[in-house]
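Counting from 2, one number per residue, gives the positions in the sequence shown under the working numbering.
For every residue, glycine included, the Cβ atom is placed at its ideal position computed from N, Cα and C.
From a predicted model like this one, the values you see are computed outputs, not experimental measurements.
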Amino acid sequence: MSDIFLTIHSVIVADAQNVQMRKKGYAPLYTAAAGAKIVIIGQAPGKRAQESMQAWRDKSGDTLRSWLGVSEDQFYDPNVIALLPMDFYFPGKGKSGDLPPRKGFADKWHPKLLNEMPNIKLIILIGNYAQKHYLKEAAKKNLTETVRNYKDYLPEYFPLVHPSPLNFRWQAKNPWFELEVVPALRQKVKQMLQ
């Protein structure tokens, strides 16, 4: 990690907003490097990812890498792909799953990191939180319509549904995703990495 990225990391760890996370023994979970060409922005680490300090090392990650058409080595090389969730810490459990990312977190830290990655050619937005944050009013009425209309956001952004196995019903109801969107995503990623 270069000096500037080490400095930013240290400032994130020391930030007052993250005191409770430090007390739990959590470190910020993200990857970033000056050479990154693609950024993947998801929600926030789950508890298992936070404790293992390994993002996307599960069935969701396997599916995501398949959709992207990249190897594990490429995916985990921060000079190829940066992983910047909307919150770098596990936000805790809620009534129906994990709590949402903390408000203002991405506003505070994403610009600092993105400014140090001049080679970014594509930002992949996974799920509602990332899409609403980055696409703002340009996002469609729901995630399905935003993903269906992915071409509207190119060349800068590519919106995706979460690759969780729990989304099998959504994928079954929306066969166009595997038929049209995934091949387009693979082609775009291949172009970006050449």
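Inter-residue CB distance, residue i and residue j (contact presumed, cutoff 8 Å)
i           : j           : result
residue 148 : residue 162 : 5 Å
residue 31  : residue 69  : The Cβ separation is near 18 Å, so there is no contact.
residue 33  : residue 83  : 5 Å
Classification of residue i by the beta-carbon crowding that lies within 10 angstroms, buried from 16 upward
i           : result
residue 140 : buried
residue 177 : exposed
residue 43  : buried
residue 87  : buried
Among the options, nearest to residue i - alpha-carbon criterion
i           : options              : result
residue 46  : 15, 112, 127 and 120 : 127
residue 91  : 150, 132 and 51      : 51
residue 135 : 168, 185 and 40      : 40
residue 160 : 192, 124 and 180     : 124
residue 49  : 82, 99 and 73        : 99
residue 168 : 189, 144 and 105     : 144
Short CB-CB distance (under 8 Å) between residue i and chain B
i           : result
residue 128 : Of the protein chains in this structure there is only one, and it is not chain B.
For residue i, the three-state DSSP class (helix, strand or coil)
i           : result
residue 16  : coil
residue 174 : helix
residue 25  : coil
residue 180 : helix
residue 30  : coil
residue 194 : helix
residue 96  : coil
(message) Suppose only complete runs of 3+ residues qualify. What are the beta strand (DSSP E) ranges in the segment 38 to 90, listed by chain order?
(response) As far as the segment 38 to 90 is concerned, its whole beta strand (DSSP E) runs of at least 3 residues are 39 to 42 and 82 to 84.
(request) Scan the segment 105 to 154 and note each continuous alpha helix (DSSP H) run of 4 residues or more that stays entirely inside, going in chain order. (result) As far as the segment 105 to 154 is concerned, its whole alpha helix (DSSP H) runs of at least 4 residues are 106 to 115, 129 to 136 and 144 to 149.
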